[in-house]
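Structure first, then comments.
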Amino acid sequence: KLRKQAMEWSLFDDDFYSLWTDYFLHDTKNQYGEIGLVNNTIGKYFRRLKTFLKWALKRGYHTSIAYTSYKSPQETPMIYPLKESQLRTLVSFTDDMTNSLEHRRTASLFLFLASTGMRFYDSQRLVITDIHRGTNNSLMSSKIKLKTQKTDNEVIIPLIKYSIKEILRNLSTDLMDTKTLYSYLEQKNNVPFEEFRFEGLQFEDIQRIYKTHGKIDNHLTPQISNPEFNKLIKEVAELCEFNDTIKIQS
């Protein structure tokens, strides 16, 4: 019905709320290609529309106040943290060269986000110069410094062995296997990747790895769109058999 109507100010009446909500629920595809948007997304669109209509009312483009009754649904999302055993499973999945490259890159990025607490969009902006020397020359005391995209505040994030591992992995043109990493560091290559003592790395090592075999760009994390990441991390979870039953109480 809405598609057949001309875009006029009179369109935004009391019936518009129901018509637009119905359109979002039954006609609109989400980022995964599925029909139907969640309440928070619908609410976001209505809040933006109400802001625009309020601006237009103040400037005399229309006189209707029907839009003020439009509800903006918003729900607190349920968060279910992974168990430590599941994180270890993800590490093993990322190390396994038999898994597809796109799934391993996605798992690698997830592990980096989990070990730094960083937002997705901030991780995509990280470059080699965002790593700063810590109190001593150890890479384990180094920190990431950046201004967040959402708040424009500077944050300082300490590096731990998990985040360092994924940075090192991504600084190669492909995901490193154990032998490749050790050839860069001039170390023995008979120690499993997960047993490598990252505490022994120096701040200059990561610079040397980048210069020796850096990527075409200098991003620290795999570059991927947010919708694609959300799609692939679901597939990774299925491949890792993360299928615990979750009970939701209303």
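Note that this note's numbering has the sequence shown beginning at -17, numbered continuously upward. The beta carbon of each residue, even a glycine, is placed where N, CA and C say it ideally should be. Only a predicted model underlies this, so the values are computations on that prediction, with no experimental measurement involved.
- Assignment of Ser67 by DSSP, reduced to helix, strand and coil, places it in the helix class.
- The beta carbon of His85 is closer than 7 Å to those of Leu214, Glu217, Val218 and Leu221 in its chain, skipping five residues each way along the sequence.
- Residues of the same chain with a CB within less than 7 Å of the CB of Ser97, apart from the 5 flanking positions on each side, are Ile142, Tyr144 and Ser145 in chain order.
- Counting the other Cβ atoms within 10 Å of the Cβ of Lys65 gives fewer than 16, which makes it exposed.
- Of the candidates Leu39, Ser54 and Lys53, Leu39 places its Cα closest to the Cα of Ile47.
- Checking the DSSP bridge columns, you'll see Val109 partnered with His201.
- If the five residues before and after Leu72 are omitted, its C-beta is found closer than 7 Å to the C-beta atoms of Ala89, Phe92, Leu93 and Cys222, all from its own chain and listed in chain order.
- Rounded to the nearest angstrom, the gap between the Cα atoms of Leu153 and Phe185 is 15 Å.
- Counted as a single uninterrupted DSSP element, the alpha helix (DSSP H) harbouring Pro209 occupies residues Asn208 to Leu221.
- Per the DSSP secondary-structure output, His114 pairs in a beta bridge with Lys125.
- Nearest Cα to Thr10 within the set Tyr27, Asp(-5), Phe(-6) and Arg115: Tyr27.
- Distance check between Lys147 and each of Tyr103, Asp104, Thr133 and Thr76 places Thr76 closest, using alpha-carbon atoms only.
- Less than 9 Å divides the Cβ of Asn21 from the Cβ of Pro55.
- Positions of the alpha helix (DSSP H) runs, each at least 4 residues long and wholly inside the stretch 55 to 102, are given as 66 to 77 and 83 to 98 in order along the chain.
- For Val109, the closest of Thr58, Ser120 and Lys127 by C-alpha to C-alpha distance is Lys127.
- Counting C-beta atoms within 10 angstroms of its own C-beta, Arg70 has fewer than 16 neighbours from the protein chains shown and is therefore classed as exposed.
- The Cβ atoms of Ile206 and Gln68 lie no closer than 9 Å to each other.
- Residue pairing by DSSP places Val137 opposite Leu128 in a beta bridge.
- In terms of CA proximity to Lys53, Lys32 leads the group Met79, Glu136 and Lys32.
- The closest CA to that of Leu35, considering only Phe6, Pro204, Lys132 and Phe(-6), is found on Phe(-6).
- For Asp4, the enclosing alpha helix (DSSP H) stretches over residues Phe(-2) to His8.
- Leu1 counts as exposed, since fewer than 16 other beta carbons sit within 10 angstroms of its beta carbon.
- Contact between Leu202 and Ile149 holds, with the beta-carbon distance rounding to 5 Å and staying under 8 Å.
- Contact check for Lys129 against Glu136 passes: the beta carbons are separated by less than 9 Å.
- Ser51 carries a helical assignment under DSSP once its states are collapsed to helix, strand and coil.
- Lys11 is bridged by DSSP to Ile17.
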